[in-house]
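Asks: Just passing along the structure, written as structure tokens.
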Amino acid sequence: MATVATMSIGTLATTCAAHYCGKFQKQQMAFKDLRLRLTNEILNGIKVIKLNAWEPPFIEKVKKVRTKELSSLRKYSLLQSAFGFIWAITPFAALLASFGTFLLVNPANQLSPSLAFTCLSLFMLLRLPVYILPEVVSRFIKCRVSLKRLSEFLDEADLKEDMVGGIPEEGAAVTLSQATFSWSKEDPPVLKDVNLNVKAGSLVAVVGSVGSGKSSLLSAVLGALEKVSGSVDVQGRIAYVAQQSWIQNATLKENIIF
Numbered sequence: 001m002a003t004v005a006t007m008s009i010g011t012l013a014t015t016c017a018a019h020y021c022g023k024f025q026k027q028q029m030a031f032k033d034l035r036l037r038l039t040n041e042i043l044n045g046i047k048v049i050k051l052n053a054w055e056p057p058f059i060e061k062v063k064k065v066r067t068k069e070l071s072s073l074r075k076y077s078l079l080q081s082a083f084g085f086i087w088a089i090t091p092f093a094a095l096l097a098s099f100g101t102f103l104l105v106n107p108a109n110q111l112s113p114s115l116a117f118t119c120l121s122l123f124m125l126l127r128l129p130v131y132i133l134p135e136v137v138s139r140f141i142k143c144r145v146s147l148k149r150l151s152e153f154l155d156e157a158d159l160k161e162d163m164v165g166g167i168p169e170e171g172a173a174v175t176l177s178q179a180t181f182s183w184s185k186e187d188p189p190v191l192k193d194v195n196l197n198v199k200a201g202s203l204v205a206v207v208g209s210v211g212s213g214k215s216s217l218l219s220a221v222l223g224a225l226e227k228v229s230g231s232v233d234v235q236g237r238i239a240y241v242a243q244q245s246w247i248q249n250a251t252l253k254e255n256i257i258f
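Under full-length UniProt numbering, the residue at position 211 of the sequence shown is numbered 211, and the numbers go up by one with no gaps.
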């Protein structure tokens with residue numbers, strides 16, 4: 001019973017540690033994604049950043065996110081070390097509890113060499129599984145966090161077909177009426193109460209400063225943004241040339257006519 005009680009206490013402690021390990025692992029991955037996304041945006045706009053000497057504020061932004069990431073990683077590593085330590089001492093604690101209980105329950109009991117070495121042999125058989133268990137649990141936690149992130153991504157809603165209508169105002173090719181958009185349902189609006197009427201056959205240039213929402217406006221017309229309110233109507237098909245060029249893993253002809 002003493003052995004079972006000791007192993008149960010060790011299991012309970014490691015279960016709590018594993019729970020918090022998963023929590024801090026999830027936080028660390030979220031901060032890592034934010035840091036990589038911010039770094040990618042900085043590299044994409046490095047010309048503008050260098051031109052305006054904006055390096056220090058952007059470096060500070062990355063450092064702040066990195067500090068949060070390291071904090072979560074530190075907590076995860078400490079818990080993982082505690083987890084491994086608990087399971088490393090559990091066999092010896094169980095052995096000590098067994099021998100102590102055996103002698104305390106009945107003072108007449110004698111701990112003979114044959115009994116002691118038999119018990120030691122049995123407990124030594126448990127050492128390898130116990131030593132492997134922390135690594136198995138650690139890998140399981142990482143796997144569970146990764147699977148949950150993949151599941152959230154795969155469960156994301158598809159592009160809504162009704163995001164963009166096909167009946168603009170008479171004589172117009174593109175019509176936006178009191179339209180408000182955000183990148184996702186959880187994010188705040190990036191475009192509010194937009195009204196736009198582009199006549200068929202006309203040439204329109206949207207001019208503005210960096211980050212003013214030019215690309216967001218085009219994404220809204222394409223239906224890539226979450227429409228919070230208002231209406232978007234586009235007549236016919238759309239040919240979109242992105243700011244950054246890209247090609248498909250296909251032939252030249254297929255890249256042109258896809």
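Every residue gets a Cβ at the ideal spot worked out from N, C-alpha and C, and that includes glycine.
Would you grab the beta carbon distance between V198 and V204 for me? Rounded to a whole angstrom, and I think it's under 8 Å.
Replies: 5 Å between Cβ atoms; contact.
Asks: I need the DSSP call for A220, collapsed to helix, strand or coil.
Replies: Three-state DSSP puts A220 in a helix.
Asks: List, from N- to C-terminal side, the beta strand (DSSP E) runs of 3 residues or more that fit wholly inside the stretch 32–59.
Replies: Entirely contained in the stretch 32–59, not one beta strand (DSSP E) run reaches 3 residues.
Asks: Any idea if N236 is buried or exposed, counting beta-carbon neighbours within 10 angstroms, 16 or more meaning buried?
Replies: Strictly speaking, residue 236 in this sequence is Gly, with Asn absent from that position. Exposed: under 16 other Cβ atoms inside 10 Å.
Asks: To the nearest angstrom, how far is the alpha carbon of L78 from that of G22?
Replies: L78 and G22: Cα-Cα distance of roughly 13 Å.
Asks: Which value, in whole angstroms, describes the spacing of the CA atoms of A242 and V206?
Replies: Approximately 14 Å, taken between the alpha carbons.
Asks: Where do the ends of the beta strand (DSSP E) carrying E156 lie?
Replies: Run containing E156: none; DSSP gives neither H nor E here.
Asks: Among I141, S184, D187 and A93, which residue has its Cα nearest to the Cα of Y20?
Replies: Looking at the Cα atoms, I141 is the closest of the given residues.
Asks: Should F85 be labelled buried (16 or more other beta-carbon atoms within 10 Å of its own) or exposed?
Replies: It counts as exposed.
Asks: Helix, strand or coil, according to DSSP, for L126 in the structure here?
Replies: DSSP places L126 in helix when its eight states are reduced to three.
Asks: How is the alpha helix (DSSP H) around L252 delimited, first residue to last?
Replies: Per DSSP, L252 belongs to the alpha helix (DSSP H) from L252 to I257.
Asks: Determine the DSSP secondary structure at K199, reduced to helix, strand or coil.
Replies: Three-state result, K199: strand.
Asks: Cα-Cα, which of A172, V48, T175 and W87 is closest to I132?
Replies: Closest by alpha carbon: W87.
Asks: By Cβ distance below 8 Å, which residues in the same chain neighbour S215 in space, the five residues on each side in sequence not counted?
Replies: If we look at S215 and ignore the five residues flanking it on each side, its Cβ neighbours are Q243.
Asks: Assuming V232 contacts V136 under a Cβ cut-off of 8 Å, what Cβ separation, rounded to an integer in Å, is found between them?
Replies: V232 to V136, Cβ: 52 Å. No contact.
Asks: Taking the alpha carbon of L222 as the point to measure from, which residue in I247, V234, L196 and A82 has its own alpha carbon closest?
Replies: Of the candidates I247, V234, L196 and A82, the one whose C-alpha sits nearest the C-alpha of L222 is V234.
Asks: Going by alpha carbons, who is nearest to L176 out of S219, S114 and S184?
Replies: It is S219 whose Cα lies nearest to the Cα of L176.
Asks: Output needed for F123: all residues of its chain with C-beta closer than 6 Å, excluding positions within five of it in sequence on either side, in chain order.
Replies: Around F123: P91 and L95.
Asks: For the beta strand (DSSP E) that contains E226, what are its first and last residues?
Replies: E226 to V234 is the extent of the beta strand (DSSP E) around E226.
Asks: Give the range of the beta strand (DSSP E) segment to which A179 is assigned.
Replies: A172 to S182 is the extent of the beta strand (DSSP E) around A179.
Asks: Can you check whether the CB of F102 is closer than 7 Å to the CB of V65?
Replies: The answer is no: Cβ separation not under 7 Å.
Asks: What's the C-alpha gap between A53 and T39?
Replies: One C-alpha to the other measures close to 16 Å.
Asks: Among E186, W183, I247 and Q25, which residue has its Cα nearest to the Cα of Y76?
Replies: Checking every option, the nearest Cα to that of Y76 belongs to Q25.
Asks: Would you call S72 buried or exposed, if buried means 16 or more other Cβ atoms sit within 10 Å of its Cβ?
Replies: Classification for S72: buried.
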